[in-house]
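Undergrad:
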Amino acid sequence: MRLIMNEPVERMSRPYGQRWWALLVLCLSLLMIVMANTALTVAAPSMSRDLSLSSTDLQWVIDGYTVPYAALMLLFAAIGDKYSRRGALVIGLVVFGMGAVAGSLVDSAGGVITARAVMGVGAALIMPATLSLLASTFPRAERTKAITLWTATAGFAIAAGPLVAGMLLESHGWQSTFLINVPAIVLATVGALLLVPPSKAAHYDRIDYVGGLLSVIWIAALIFALIEVPHEGWDAMAVTAVAVCGAGFLAFVLWELRHPQPLLDMRRFANRGFTGANIAVVMFFLVVFGAFYYLTQHLQFVLRYGALETGVRMLPLAGAVFVGSALTGYLTPRVGMRATIVAGMVGGATALALLTQVNASSSYAEFVAPLTVLGLAIGLALSPCTDAIMGAFPEEELGVGSAVNDTSSELGGAIGIAVLGSLLSTSYSSNLSEASTGGRVPADALSQAQDSVGAGYAVAQGISDKAQQLAEQAGRAGSVEQAAQLKAQAEQLVLGAQQMADAVGSSFAEAVARTSLVGAAILGVGAVAVAFLLPRKGRTADGHGASEADPGAGGPAVPMEETAWPPTRLHADDIR
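Listed below in structure tokens is the structure:
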């Protein structure tokens with residue numbers, strides 16, 4: 005008996021017997037790379053203190069992972085399709101692990117950013133490989149269920165990241181959030197070799213490296229611009245990035261349209277179902293990542309929860325993701341893909357609409373319903389979107405199909421943090437300026453407080469510390485008059501510190517409400533667009549009739565058991 009699984013899935017005459025164990029390995033790999041981003045939202049304050057990170061440094065610690073992750077996926081996915089999808093997964097796990105170990109050892113902003121970038125390169129190999137291996141390993145009859153579990157894992161990881169990081173930070177430093185990946189990587193690597201069958205495209209003559217390079221250029225430039233503009237404004241670097249992105253995207257589209265074997269056939273976007281599913285993914289992740297960005301800040305800074313307490317309070321979202329995913333498996337075959345996706349988007353818009361009621365006096369109880377509804381929406385919408393996107397690609401391009409799905413989610417997340425994060429920051433700064441009008445806060449202190457909610461509370465704490473110092477000096481004063489004067493100044497500072505803290509909390513809460521309103525509007529408009537683009541149940545993407553027996557383009561019904569294995573060419577219209 006061979007220890008390593010060497011039989012390619014394409015040569016198997018029947019479905020692979022240990023495919024569900026293989027799915028567990030793929031989901032573990034996915035869990036790590038998603039948690040690597042969300043865990044950092046909780047670890048960031050500790051990291052900032054230890055490394056004296058500026059706000060720009062911290063932004064790049066977060067996004068140093070995102071840029072290579074999003075930019076390299078299409079090219080790496082094509083390489084995996086041609087040579088080895090499992091090989092791409094294993095190499096990605098090793099690279100990711102190297103970055104994680106390095107991240108735990110460095111002691112500077114540049115070192116952490118570099119380590120995160122290495123992890124992003126590994127993630128760009130891992131992410132498309134997990135989904136392409138899933139699609140190639142499972143027969144069509146089980147593929148939707150497997151994809152549902154895969155997407156539920158991604159949704160769960162969004163909320164689990166802060167919880168795991170919070171548990172670690174209770175007794176360890178921020179370095180532990182890097183090291184926790186190492187045992188999981190070892191387990192996933194061994195599991196991949198033992199349980200995941202190798203797979204590659206049967207016919208993949210050559211890779212479109214020029215198209216791959218152009219995709220890296222325009223996606224990286226877009227992500228960079230999304231990061232740079234909200235923080236630095238339209239400086240020379242931001243303008244250059246936008247220009248490079250526009251030129252790179254145009255060159256990419258023209259090249260792909262003319263190339264005989266393009267990296268990504270742009271004509272697929274003429275399929276309304278495929279385009280609608282991609283728009284849904286972008287819109288959904290735009291809102292989810294944007295909301296997650298400010299919800300964790302509100303829980304930590306305004307409601308004063310610690311790292312672990314914040315993670316625990318995100319659990320309603322994680323649990324609801326699994327409930328929503330279960331509903332997807334039940335509802336989609338009955339009401340159709342369009343109804344399920346649109347319902348999820350409407351649910352997400354409803355969750356953000358509930359957050360518009362947040363104010364300075366809101367307790368955690370008022371966040372439970374929005375978190376639960378948002379989790380249900382994630383579980384409901386994302387699995388059929390992934391199904392539709394993957395279904396548009398033949399077996400030879402499963403990795404590229406996965407990369408399209410994953411790139412859409414990463415672009416949506418980056419846009420969400422940039423747009424909603426920028427709106428949040430602007431609204432908070434304006435609110436704080438109005439709330440502080442007439443106060444005795446020095447202009448430089450107010451400017452510092454306007455930088456972020458964390459900086460605002462730091463200013464309030466600084467005023468409080470100064471009051472404490474004056475009170476101690478009053479106790480040592482040489483005269484009654486001097487003691488009384490120092491005590492009066494201390495009391496004024498205490499009042500000023502409390503007023504500043506109240507102003508920061510109310511300003512941020514109001515900013516959350518305003519930003520949530522914009523997010524709800526964006527997702528609501530997106531739901532209308534997606535409802536128009538996606539085909540109705542029983543129809544193809546072009547609007548033609550298709551029988552319920554045959555999920556294809558209206559041809560005669562074919563028994564499932566005759567088409568389920570070995571892996572066959574997939575079509576977007578196969579997914580209801």
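Residue numbering for the sequence shown is 5 to 580, as defined by the numbering used here.
Just so it is clear, CB atoms sit at the ideal spot from N, CA and C, and this is done for glycine as well.
Note that the structure is a prediction, hence the values are computed from the model and not measured.
Can you check the segment 180-206 for any alpha helix (DSSP H) of at least 4 residues that lies completely inside it and give the ranges in chain order?
TA: Entirely contained in the segment 180-206, the alpha helix (DSSP H) runs reaching 4 residues are, in chain order, 180-183 and 185-199.
Undergrad: Between the Cα of Val292 and those of Gly21, Ala462, Leu153 and Ala524, spot the shortest distance and give me the residue it belongs to.
TA: The count along the sequence shown starts at 1 and reaches residue 292 at position 288. Checking every option, the nearest Cα to that of Val292 belongs to Ala524.
Undergrad: Taking the Cβ atom as the reference point for each residue, do Ala531 and Met341 lie within a distance shorter than 9 Å?
TA: Working through the sequence shown from its first residue, we reach residue 531 at position 527. Working through the sequence shown from its first residue, we reach residue 341 at position 337. Against a cut-off of 9 Å, the Cβ pair of Met341 and Ala531 comes out as no contact.
Undergrad: In whole angstroms, what separates the C-alpha of Ala517 from that of Glu438?
TA: If you number the sequence shown from 1, residue 517 lands on position 513. If you number the sequence shown from 1, residue 438 lands on position 434. If I take the Cα positions, the gap works out to 17 Å.
Undergrad: Output the distance between the C-alpha atoms of Glu14 and Gly216, rounded to the nearest integer angstrom.
TA: As a first step, residue 14 must be located in the sequence shown, where it is residue number 10. As a first step, residue 216 must be located in the sequence shown, where it is residue number 212. Taking the straight line from one Cα to the other gives about 26 Å.
Undergrad: Measuring straight from C-alpha to C-alpha, what distance separates Gln22 and Asn275?
TA: Counted from its first residue, the sequence shown places residue 22 at position 18. Counted from its first residue, the sequence shown places residue 275 at position 271. About 35 Å.
Undergrad: Quick one: which unbroken alpha helix (DSSP H) runs of 4-plus residues sit fully inside the segment 315-374? Chain order, please.
TA: Runs found: 319-339 and 341-359.
Undergrad: For Ile467, count neighbouring Cβ atoms within 10 angstroms of its own Cβ and tell me buried if that reaches 16, exposed if not.
TA: Mapped onto the sequence shown, residue 467 falls at position 463. By the neighbour-count rule (16 or more Cβ atoms within 10 Å), Ile467 is buried.
Undergrad: To the nearest angstrom, report how far apart Ile3 and Ala247 are at their CA atoms.
TA: The structure shown does not extend to residue 3, since the chain is modelled only from 5 to 580, so the question has no answer here.
Undergrad: Quick check on Leu57: does DSSP put it in helix, strand or coil?
TA: Along the sequence shown, read from residue 1 onward, the residue named residue 57 stands at position 53. The answer is coil: DSSP assigns Leu57 none of H, G, I, E or B.
Undergrad: Between the segment 377-393 and the segment 309-316, are three or more C-beta pairs nearer than 8 Å?
TA: Result no; under three Cβ-Cβ pairs closer than 8 Å.
Undergrad: Compare the Cα-Cα distances from Arg45 to each of Ala81, Val168 and Ala26 and report the closest residue.
TA: Taking the sequence shown and counting its residues from 1, one reaches residue 45 at position 41. The sequence as given places Thr at residue 45; Arg does not occur at that position. Closest option to Thr45, Cα to Cα, is Val168.
Undergrad: According to DSSP, is Glu174 part of a helix, a strand, or is it coil?
TA: Numbered from 1 along the sequence shown, position 170 holds the residue referred to as residue 174. Of the three classes helix, strand and coil, the one that applies to Glu174 here is coil, per DSSP.
Undergrad: Do Phe182 and Ser112 have their beta-carbon atoms positioned less than 9 Å apart in this structure?
TA: By one-based count along the sequence shown, residue 112 stands at place 108. By one-based count along the sequence shown, residue 182 stands at place 178. Contact: no.
Undergrad: Would you kindly work out how many angstroms separate the C-alpha atoms of Gln301 and Leu450, rounded to a whole number?
TA: By one-based count along the sequence shown, residue 301 stands at place 297. By one-based count along the sequence shown, residue 450 stands at place 446. Rounded to whole angstroms, Gln301 to Leu450 spans 20 Å at the Cα level.
Undergrad: Within 10 angstroms of the Cβ of Tyr339, are there 16 or more other Cβ atoms? Answer buried if so, exposed if not.
TA: Residue 339 sits at position 335 when you count from the first residue of the sequence shown. As written in the sequence, residue 339 is Val, which differs from the Tyr given in the question. Exposed.
Undergrad: Determine the direct distance from the alpha carbon of Gln304 to that of Ser52, and round the result to whole angstroms.
TA: As a first step, residue 52 is located in the sequence shown; it is residue number 48 there, counting from the start. As a first step, residue 304 is located in the sequence shown; it is residue number 300 there, counting from the start. Going by the C-alpha atoms only, they are around 15 Å apart.
Undergrad: Applying the 10 Å Cβ sphere with the 16-neighbour rule, what's the burial state of Val190?
TA: Along the sequence shown, one-based indexing puts residue 190 at 186. Exposed: under 16 other Cβ atoms inside 10 Å.
Undergrad: Could you compute how far the alpha carbon of Ala418 sits from the alpha carbon of Thr60?
TA: In the sequence shown, residue 418 corresponds to position 414, counting from 1. In the sequence shown, residue 60 corresponds to position 56, counting from 1. C-alpha separation (whole angstroms): 16 Å.
Undergrad: Straight-line CA distance for Ser413 to Pro234?
TA: In the sequence shown, residue 413 corresponds to position 409, counting from 1. In the sequence shown, residue 234 corresponds to position 230, counting from 1. Their Cα atoms are separated by approximately 20 Å.
Undergrad: At a cut of 8 Å, does the segment 422-435 reach the segment 471-479 through at least three beta carbon pairs?
TA: The segment 422-435 vs the segment 471-479: no contact.
Undergrad: Quick check on the DSSP output: the alpha helix (DSSP H) that includes Ala465 runs from which residue to which?
TA: Along the sequence shown, read from residue 1 onward, the residue named residue 465 stands at position 461. Per the sequence shown, residue 465 should be read as Gln rather than Ala. First-last of the alpha helix (DSSP H) with Gln465: Val457 to Gly479.
Undergrad: Report the rounded CA-to-CA distance for Ala322 versus Ala447, giving the unit in angstroms.
TA: For the purposes of this step, residue 322 is taken as the residue at position 318 of the sequence shown. For the purposes of this step, residue 447 is taken as the residue at position 443 of the sequence shown. Rounded to the nearest angstrom, the two C-alpha atoms are 42 Å apart.
Undergrad: Within 8 Å, do at least three Cβ pairs link the segment 494-510 to the segment 249-266?
TA: No contact exists between the segment 249-266 and the segment 494-510.
Undergrad: In the DSSP assignment, the alpha helix (DSSP H) including Gln265 goes from what residue to what residue?
TA: On the sequence shown, residue 265 is found 261 positions in, with the first residue counted as 1. Element bounds for Gln265: n/a, residue is neither H nor E.
Undergrad: Just the Cα atoms here: how many angstroms apart are Leu197 and Leu93?
TA: In the sequence shown, counting from the first residue as 1, residue 197 sits at position 193. In the sequence shown, counting from the first residue as 1, residue 93 sits at position 89. C-alpha separation (whole angstroms): 10 Å.
Undergrad: Give me, in chain order, the residues of the same chain whose beta-carbon lies closer than 7 Å to that of Tyr208; leave out the 5 immediate sequence neighbours on both sides.
TA: Here the question's residue 208 lines up with position 204 in the sequence shown. Around Tyr208: Asp85, Lys86 and Glu400.
Undergrad: On the CB-based measure, 16 or more other CB atoms within 10 Å of its CB, does Asn185 come out buried or exposed?
TA: Within the sequence shown, the letter at position 181 stands for residue 185. Result: buried.
Undergrad: Have a look at Leu28 and Ala133 and give me their C-alpha separation to the nearest angstrom.
TA: For this step, residue 28 is matched to residue 24 along the sequence shown. For this step, residue 133 is matched to residue 129 along the sequence shown. Cα to Cα, the separation comes out at about 14 Å.
Undergrad: Output yes or no for whether 9 Å exceeds the beta carbon distance between Ala357 and Ser520.
TA: Here the question's residue 357 lines up with position 353 in the sequence shown. Here the question's residue 520 lines up with position 516 in the sequence shown. Yes. Within cutoff.
Undergrad: If you reduce the DSSP assignment to three classes, tell me which class Leu307 lands in.
TA: To locate residue 307, count along the sequence shown from 1; it is residue 303. In this structure, Leu307 counts as coil in the three-state DSSP scheme.
Undergrad: Please report the Cβ distance between Pro187 and Tyr20, rounded to the nearest whole angstrom; I am assuming they are in contact, meaning their Cβ atoms lie under 8 Å.
TA: Here the question's residue 187 lines up with position 183 in the sequence shown. Here the question's residue 20 lines up with position 16 in the sequence shown. In fact, because the Cβ distance is near 26 Å, the residues do not count as touching under 8 Å.
Undergrad: If you draw a straight line from the alpha carbon of Phe536 to that of Met270, how long is it in whole angstroms?
TA: As a first step, residue 536 must be located in the sequence shown, where it is residue number 532. As a first step, residue 270 must be located in the sequence shown, where it is residue number 266. Roughly 21 Å separates the two Cα atoms.
Undergrad: Since Val325 and Gly159 are thought to touch, with beta carbons under 8 Å apart, how far apart are those beta carbons, to the nearest angstrom?
TA: Against the sequence shown, residue 325 aligns to sequence position 321. Against the sequence shown, residue 159 aligns to sequence position 155. Right, their Cβ atoms sit about 4 Å apart.
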